[in-house]
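Residues in the sequence shown are numbered from 188 upward in steps of one, following my numbering.
Ideal placement from N, C-alpha and C gives every residue a C-beta, glycine not left out.
Worksheet for the structure shown next.
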Amino acid sequence: MIAAAAIEARLAGLDAIGRRADGFHRLAWTAEDRAAGEWFAAQAEALGLSVERDLAGNLWACPRTPPPWLAVGSHLDTVAAGGRWDGALGVACAFAVAEAVSGELPLAVISFADEEGGRFNTPTFGSRALVGRLDAAEALARADAGAVTMAAAMRAFGVDPARLADAPSALARVAAFVEIHIDQSRELAEAGAPIGVVSALAGRTRVAVEIDGEADHAGTTRRSERRDALAAAARLIVAAEELAGADARFVVTPTRLLVEPNALSTIPGAVRLWLDARAPEIAAVDAWRAALDEHAAALALERRVEIRLSTASRSPGIRFDARVREALEGAVGGSVPQQVCFAGHDAGVLAERVPAGMVLVRNPSGVSHSPAEAVDVADAAVAATAVAAALGTLR
Ligand SMILES: [Zn+2]
């Protein structure tokens, strides 16, 4: 059994890195990110693993034996004002697992670069680069709030952006990958279970909506003559929620709204809106989208505005490898909750190319991306112990 205290001791080494009054700030390609990398190197060296940074900036702690290796890991970056556990828990547990199987199994630990995408809106950057699914030119041209491009930030950090497209060459070293992660819902807490095995990542889409009406005087324009883009957007948001139907697991979020001219006495002439929709099965998401298109066409006529919908992103979701899932479930013993996870994760990206699995650890608050994240390290030890046992059957 991996000791909770051993995991806690590893995590404690990260507590000072990027911590401010409102939470942790370890955004990608920053001094805090670099300090987290130094922590990673110290963990690896203590276990006799060699440290390298791949062409996408992912950190690897590698066994001395030639690849392929089994691999366990997560990420060390956080969102702005993030919590202690999202990502860091998985990397700390990965080192605890590596220590437990040392001498028995060739196991690599990976910390993926820029998983949160908190600085350039490039979530799962490092894992997408590794599997060859990153539009490198598009990502590198993105700028942060301070107008620094991702290419410049990477270069200053010591990772050559010109070589990013060659990152997939490192993937062949991974025979199978498992990620331990904080549960970002209250599912496990409500089930009274310390850990769960993720069966699949939910299907999801992001729809970009452009609504064009006509800016005009808020007082003197007759109701019959108005072409109010924001009032139409409000109706579309309500419809988007209602079209999700009765399945409580189908979640729709209007995530972003830009209004022009956004002035106190002017009818809004243009709106840009983004809708995020997720469900266990992508077919339900696609059906929702078709219904939304139909609704938008009718709404455009009724409200005398133009509405254009486009797909900003669509992911069919992924089912994790059956053999990895069975190994994890077998290692837990007894009944273990099987979960559909509604967030994106590096393990889900890797699962496109290598056998992969994921274990979630109970989070009593159910909150994530906030200092309110909570984990009992005793639960984390249950997860790490199960993963160490499962790896033995996957070798
Ligand atoms: Zn995470």
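| Is it the case that the CB of D220 approaches a heavy atom of ligand 1 more closely than 7 Å? | No, since every heavy atom of ligand 1 falls outside the 7 Å radius drawn around the Cβ of D220.
| request: State buried or exposed for M168, treating a residue as buried only when at least 16 other CB atoms are found within 10 Å of its CB. | output: What the structure shows of the chain is the stretch from 188 to 582, and residue 168 is not part of that stretch, so it cannot be assessed.
| To the nearest angstrom, how far is it from the Cα of W461 to the Cα of P310? | C-alpha separation (whole angstroms): 17 Å.
| Is H262 near ligand 1, going by C-beta to nearest heavy atom under 7 Å? | True, at least one ligand heavy atom lies under 7 Å from that Cβ.
| So is the beta-carbon of G304 under 7 Å away from any non-hydrogen atom of ligand 1? | No, the Cβ of G304 stays beyond 7 Å of every heavy atom of ligand 1.
| query | By Cβ distance, which residues of its chain are closer than 6 Å to V446, with the 5 residues on each side in sequence left out? | reply | Closer than 6 Å at the Cβ level, and outside the excluded window around V446, lie L417, P455, V458.
| request: Measure how close the beta-carbons of G390 and I297 come, nearest whole angstrom, since I'm counting them as under 8 Å. | output: Distance from G390 to I297 at the Cβ level is roughly 26 Å; contact not present, criterion being Cβ atoms closer than 8 Å.
| said: For A340, which residues in the same chain have their Cβ closer than 6 Å to its Cβ, ignoring the five residues on either side in sequence? | reply: Closer than 6 Å at the Cβ level, and outside the excluded window around A340, lie W216.
| message | Helix, strand or coil for T453? Go by DSSP, reduced to three states. | response | In the three-state reduction of the DSSP assignment, T453 falls in the strand class, which pools E and B.
| task | Using the beta-carbon of each residue, find all residues closer than 5 Å to any heavy atom of ligand 1 and list them in chain order. | result | Answer in sequence order: D273, G274.
| query | Would a C-beta distance cut-off of 8 Å place L294 and L257 closer than the cut-off? | reply | Less than 8 Å separates the beta-carbon of L294 from that of L257.
| For R585, is the classification buried or exposed, using 16 other Cβ atoms within 10 angstroms of its Cβ as the cut-off for buried? | Residue 585 falls outside the range modelled here, since the chain spans only 188 to 582, and no answer is possible.
| said: What would DSSP say about H482, mapped onto helix, strand or coil? | reply: If DSSP states are grouped into helix, strand and coil, H482 belongs with the helices.
| said: Helix, strand or coil for D322? Go by DSSP, reduced to three states. | reply: In the three-state scheme derived from DSSP, where H, G and I count as helix and E and B as strand, D322 is classed as coil.
| Taking DSSP as the reference, what is the three-state secondary structure of F235? | First, the amino acid is wrong: residue 235 is Gly here, not Phe. Coil.
| field | Cutoff 8 Å: H262 Cβ touching any chain D Cβ | value | In summary, chain D is missing from the structure at hand, where a single protein chain is found.
| Residues of its chain near R443, where Cβ-Cβ distance is below 6 Å and the 5 sequence neighbours each way are ignored | Counting only Cβ-Cβ distances below 6 Å, and skipping sequence neighbours, we find W461.
| said: For a quick check, are the C-beta atoms of A543 and C280 less than 8 Å apart? | reply: Taking a C-beta distance under 8 Å as the contact criterion, A543 and C280 do not qualify as a contact pair.
| task | Please report the Cβ distance between R549 and S386, rounded to the nearest whole angstrom; I am assuming they are in contact, meaning their Cβ atoms lie under 8 Å. | result | 17 Å between Cβ atoms; not a contact.
| message | Tell me whether the region 510-522 and the region 412-428 touch, counting them as touching only if at least three CB pairs, one residue from each stretch, are closer than 8 Å. | response | No: fewer than three Cβ pairs fall under 8 Å.
| Neighbour-count burial assignment, H404, 16 or more Cβ in a 10 Å radius | By the Cβ-count criterion, H404 is exposed, with fewer than 16 other Cβ atoms from all chains shown falling within 10 Å of its own Cβ.
| request: Grab me the residues of A487's own chain with a C-beta within less than 7 Å of its C-beta, minus the 5 sequence neighbours each way, in chain order. | output: For A487, same chain residues with a beta-carbon under 7 Å away, outside a window of 5 residues either side, are E493, I494 in chain order.
| request: Give the secondary structure of T580 by DSSP, where H, G and I count as helix, E and B as strand, and everything else as coil. | output: Here T580 sits in helix by DSSP.
| said: Suppose contacts are defined by Cβ-Cβ distances below 8 Å. Is A376 in contact with P551 by that definition? | reply: Yes, these two residues count as a Cβ contact at 8 Å.
| query | Would you say the region 470-480 touches the region 425-440, given that touching needs at least three Cβ pairs under 8 Å? | reply | Short answer: they touch.
| field | N-terminal and C-terminal residue of the beta strand (DSSP E) that A258 is part of | value | Here the beta strand (DSSP E) through A258 covers 256-262.
| message | Please state whether the Cβ-Cβ distance between A420 and W475 is less than 8 Å. | response | No. Outside cutoff.
| query | Of all the alpha helix (DSSP H) runs that stay within the bounds of the region 510-573, which reach a length of 4 or more residues? | reply | Listed in chain order, they are 533-537.
| Since A338 and L327 are thought to touch, with beta carbons under 8 Å apart, how far apart are those beta carbons, to the nearest angstrom? | Right, their Cβ atoms sit about 4 Å apart.
| said: For A352, which residues in the same chain have their Cβ closer than 8 Å to its Cβ, ignoring the five residues on either side in sequence? | reply: Non-local C-beta neighbours of A352 in its own chain, meaning closer than 8 Å and more than five positions away in sequence, comprise A323, ordered along the chain.
| So G270 packs on H556, CB below 8 Å; how close in whole Å? | Sure, about 7 Å apart at Cβ, within 8 Å.
| task | Could you round the C-beta distance between A275 and L198 to whole angstroms and report it? I think they count as a contact, below 8 Å. | result | So it is a contact: roughly 6 Å between Cβ atoms.
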